[in-house]
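Chains A and B, in that order, give the protein sequences. In this text, residue positions in the first sequence follow the numbering used here: the first is 12, and each later residue adds one. In this text, residue positions in the second sequence follow the numbering used here: the first is 11, and each later residue adds one. Backbone N, C-alpha and C fix where the C-beta goes; we use that ideal spot for every residue, glycine too. Predicted model only: the values in this text are computed from it and were never measured. The block underneath contains the structure these notes are about, expressed in structure tokens.
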Amino acid sequence: MRFRIFLLLLPLVSGLARAADLPALWAQRLKTVVAVEFYTETETERRPTVAYGTVIDRHGTIILPPVTVNPRVTPSQLKEFKVYRAGGANGVPAAYLGQDALTGWHYVRVEAPLSAELEPITDFAPAKPQEPAMAEDVWGIGLRNKDEDFQPYFLMSRVALIQGLPQRTAIALQEVAGPGLPVFNRAGEFVGLAVSSFGQSFVQFSRLDRSGTPVVLVNVEESSAFQVAAEVLPYLGRVPTNVFGRPLAWLGANGLQPIDPEVAKFLHLENQSAVVVSEVLEGSPAEQAGMKARDILLAIDGQPLPRLKPDRVVVAYVEREIERRVPGATMTLTVLRGDARQEIRCVLGDEPKLTNEAERRYFDRIGLTAREFVYADAVALRVRTSAMGGVIAHFVKPNGPAGVAGLHTDDWIKEIDGVEVKTFAAAAGKLAEIEADPARTEFVLLVSRGGETAVLRVKLR
Amino acid sequence: MLRVSLLGLALAVSAAGSMSRGFNQLLGAVVRIDVREVAFEDGAKRFNASIGSGVILSADGLILTNAHVASPRAVELSVTLSSLERVSARLVGWDHWTDLALLQLDLAEVKRRGLKFSHAEFGDSSKLYVGQTVYAVGTPFGLTRTATRGIISNNDRYFEDSRGVNGYETGAFNTWLQTDAAINPGNSGGPLVTEDGKVIGISSRGYLGANNLGFAIPASTAKRVVEGLARDGAITRSYIGLVPREMQDLETFYSVALNTGMLVASVDPGSPAARAGLRPGDILLAINGEKVDGRFPEQLPPIQNRIASTPVGEKLRLTVKRGAQTRDYVVVTEKLESRVGEEWVLEKWGLSVRKVSRTFARENQLDDATGVFVIGVQPGFPADVAGLSRGDVITKINQVPIITLDQVKAFHADYEKKPAPVLVEAQRNHQVSLYVLKP
Chain A
12 MRFRIFLLLL PLVSGLARAA DLPALWAQRL KTVVAVEFYT ETETERRPTV
62 AYGTVIDRHG TIILPPVTVN PRVTPSQLKE FKVYRAGGAN GVPAAYLGQD
112 ALTGWHYVRV EAPLSAELEP ITDFAPAKPQ EPAMAEDVWG IGLRNKDEDF
162 QPYFLMSRVA LIQGLPQRTA IALQEVAGPG LPVFNRAGEF VGLAVSSFGQ
212 SFVQFSRLDR SGTPVVLVNV EESSAFQVAA EVLPYLGRVP TNVFGRPLAW
262 LGANGLQPID PEVAKFLHLE NQSAVVVSEV LEGSPAEQAG MKARDILLAI
312 DGQPLPRLKP DRVVVAYVER EIERRVPGAT MTLTVLRGDA RQEIRCVLGD
362 EPKLTNEAER RYFDRIGLTA REFVYADAVA LRVRTSAMGG VIAHFVKPNG
412 PAGVAGLHTD DWIKEIDGVE VKTFAAAAGK LAEIEADPAR TEFVLLVSRG
462 GETAVLRVKL R
Chain B
11 MLRVSLLGLA LAVSAAGSMS RGFNQLLGAV VRIDVREVAF EDGAKRFNAS
61 IGSGVILSAD GLILTNAHVA SPRAVELSVT LSSLERVSAR LVGWDHWTDL
111 ALLQLDLAEV KRRGLKFSHA EFGDSSKLYV GQTVYAVGTP FGLTRTATRG
161 IISNNDRYFE DSRGVNGYET GAFNTWLQTD AAINPGNSGG PLVTEDGKVI
211 GISSRGYLGA NNLGFAIPAS TAKRVVEGLA RDGAITRSYI GLVPREMQDL
261 ETFYSVALNT GMLVASVDPG SPAARAGLRP GDILLAINGE KVDGRFPEQL
311 PPIQNRIAST PVGEKLRLTV KRGAQTRDYV VVTEKLESRV GEEWVLEKWG
361 LSVRKVSRTF ARENQLDDAT GVFVIGVQPG FPADVAGLSR GDVITKINQV
411 PIITLDQVKA FHADYEKKPA PVLVEAQRNH QVSLYVLKP
């Protein structure tokens, strides 16, 4: 009788023994996760953001998910980075290093006392990372909010699907880690990094809407999708050397649109993918190499574009192929033009000045941030680069004098007080002069919006 | 008993004086219009039915109504006379810019059936004063021969709507009469009259959800449009590409005297004005030597109308002030076009399209007016299955650039005869995509 009981208990005990190693693994791996808090200071606001980060080296370098920072914000507006350990109440100052174009990760580095307490994720990476198997158990760490001292909690699930998006991405049955935090297998090996913004479709019913409305819900605190270790580990060393993440490779083939399998069949392209180039940007490496709008891109350096699902993923694939290269590198593109295949040899250029690199200045009395007109503005406004000039209304204070006059965000200011402003310096000088003159009661702007212009009269109080 | 009360009513009416005869004649001239029109929106040919009002203007049966009641899309127009008899009619012409359309009663049918009708006369809308009593007569919500009473609330109301008449532009060339006489859906096209039954406006629109804010096209405008439509079936206007704006309070900045000039807010790229060298921020002082006064918004429609009334292809001498300098520019007018191009449905593809017009191309910053705009697809049909949707601009079919709507019809006709996959190139927000329409 006693014997029998013992036999019954045995499987239970061994199960417990396996589970029992998890607390130890858990405690050790807590040192690889942090919460990062910072402030975004805009013209009139100061907003805190909290993101989750993974430690990547022994110098206290941390990576944060791509969506952490609003792309309209320029790095100089990001203030007071602080890093908190899981369960920690005290933030330690950190520096923002910039964003890497290929991975999209933002890098921060925390100062000495804390950096020594942290452990890089590489310590838990197997020598040869393997994709987790279907149905394999995976687990990770979630972090509570700041008011709960970023208390860590345990999440666990199983792999349900692995897909190329284009990075190999595993989707688990349910939430497995905080976005930006590592995922481990039962042995405690690093198997991937949880990605943010993984949406799930639901239909929402209500008393007013009985037929239901489809909605996509994104859990911002936990994620059920993660990029596998092989898509993470090779790129950890891409620490930006400047906040803008330069150098940035530039091709200048714009508006890439995937073709669907039916179109591929019609064009006799079997077992591969292709993208249509909507536009070849003026003065770009693509233009110099002879690429034309409506060319259909078939292959890069002889490698046909892979079939990825959904179709649009191939666009991200092509963009990554450009981003992983450096300015000056050569890229041989095979395109279909009409019925003929052509080889185009492009030497990648340096990305023109980005919107967040543009000069900007806020004029409080006018209620306007003027921003330098950059190449991307010419592309967005569909004007030749020879027509570049003036400034962009980057921010218009609600109900401020410029706002009341009818100025909108992203309006293109071409003239101030009837005088054409060719450069940012000229426009900023003129606006500063108006702002500094207490006798001034009004001035006039000529702005362009959607190809139409308007004369706006700004009354100063 | 009944007779007595009727007599009493007649007495009461005659006691109202001048109102009786003219007003009664007017009532005999107001008609209900039942319209069946084709709609192309959903990738299929569908028919919509609606009700409006109209007023007979001549003994030979010309009926004035709104352009948003009777358009070239109407396939069946049925007119109910005041005698309650129904007669068919045909469209003579329409003008969405003033929201007016002219119909012709089937006189042969009228004669055959021995029907009678009276016709109304225009009054002088320029003599109206605010507070003057007016009546709206029409068919609100299908309630035939409904008269409502109100006053002229404003006799010079400016409002321009780039999509006001079923997606077509309206109001740029005239101001409107505003009245508090109840104007409801179905009143559209009915007359707004004075107490003596003279037509001083055509009821056109009201503010939905507002109380007693109705608008009518003044008779002065209607008279001109009726003449033009009766003569040519259409109103041809000239275009130079200036977007006007009132000067109001900008006179000091531009150093011009009060009541002088009109501000050029925008110049359409590639338009006659742009080619002549006009620029936004210019002040238009005179047209062919005639001084222009655009101080207030209400003054803009007459200036626009002055330009639009110039024969197409004629030279206009514009006196323009830019900075401290004043000089003349000569522009050659072009024919004014609507932003809404011709529409059609390609039924086998389940695809409704509209020709891209110059105005549409400019508004959407397209390089030129190539292509057709997708206005609808029918679920489950080839266009929908391929992924086309409303808002796409089809630029090529089987690698052939699409310049005209007829080309698209021809490709569709080929497909109808012998269904085979068709390659379509379309763009949306300047992004080019390819689609295959499969049988």
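- Per DSSP, reduced to three states, the secondary structure at residue 303/B is strand.
- In the DSSP secondary-structure assignment, residue 309/A is not bridged to any residue.
- Counting C-beta pairs with one atom in each stretch, the segment 182-195 of chain A and the segment 231-250 of chain A have three or more that are closer than 8 Å, which means they touch.
- Identification of chain B residues near residue 426/A by a Cβ-Cβ cut-off of 9 Å yields 290, 291, ordered along the chain.
- DSSP places residue 457/A in the strand class (E or B) of the three-state scheme.
- At a cut-off of 8 Å between C-beta atoms, residue 200/A does not count as an interface residue with respect to chain B.
- Beta-bridge annotation (DSSP): residue 198/B is not paired with any residue.
- Sequence-distant Cβ neighbours of residue 287/B in its own chain, meaning closer than 7 Å and more than five residues away, are 339.
- About 7 Å separates the beta carbons of residue 249/B and residue 345/B, which is inside the 8 Å limit, making them a contact pair.
- The C-alpha of residue 365/A is placed about 18 Å away from the C-alpha of residue 398/A.
- Shown here, residue 255/A sits in coil according to DSSP, grouped into three states, outside any helix or strand.
- For residue 279/B, the residues of chain A that pass the 8 Å Cβ criterion are 462, in the order they occur in the chain.
- Spanning the alpha carbons of residue 158/B and residue 444/A requires a straight line of approximately 60 Å.
- Judged by their CB atoms, residue 232/B and residue 245/B are not nearer to each other than the 8 Å cut-off.
- Annotated three-state conformation of residue 328/A is helix, per DSSP.
- For residue 395/B, the enclosing alpha helix (DSSP H) has its first and last residue at 392-396.
- Contact between residue 146/A and residue 121/A does not hold, since their C-beta atoms are separated by about 37 Å, which reaches or exceeds 8 Å.
- In the structure shown, residue 80/A adopts coil according to DSSP, grouped into three states.
- Nothing from the segment 352-363 of chain B brings a Cβ to less than 9 Å from some Cβ of chain A.
- Not flagged as an interface residue toward chain B: residue 281/A, since no C-beta distance is shorter than 8 Å.
- Between residue 434/B and residue 413/B, the C-beta spacing is not below 8 Å.
- Ranked by how close their Cα comes to the Cα of residue 274/B, the residues 105/B, 292/B, 409/B have 292/B in first place.
- Minimum Cα-Cα distance from residue 229/A among the listed residues 210/A, 240/A, 219/A, 217/A corresponds to 210/A.
- Interface flag for residue 78/B against chain A is unset, since no Cβ pair is found closer than 8 Å.
- By the rule that beta-carbons nearer than 8 Å mark a contact, residue 311/B does not touch chain A.
- Within the model, the alpha-carbon separation for residue 82/B versus residue 264/A is close to 44 Å.
- Put simply, the backbone Cα of residue 133/B is about 40 Å away from that of residue 463/A.
- For residue 347/B, the secondary structure class from DSSP, reduced to helix, strand or coil, is coil.
- As DSSP reads the structure, residue 470/A sits in a beta bridge with 453/A.
- Residue-level contact check: residue 455/A touches chain B, since one or more beta carbons of chain B fall below 8 Å from its beta carbon.
- Taken through DSSP and simplified to helix, strand or coil, residue 399/B comes out as coil.
- Rounded to whole angstroms, the gap between the alpha carbons of residue 343/A and residue 356/A is 4 Å.
- Between the C-alpha atoms of residue 111/A and residue 296/A there is a straight-line separation of about 22 Å.
- DSSP assignment within the segment 209-293 of chain B yields the following whole alpha helix (DSSP H) runs of 4 residues or more, N-terminal first: 229-242, 282-286.
- By the C-beta density criterion, residue 454/A is buried, having at least 16 other C-beta atoms within 10 angstroms.
- Looking at the DSSP output, residue 172/A shares a beta bridge with 182/A.
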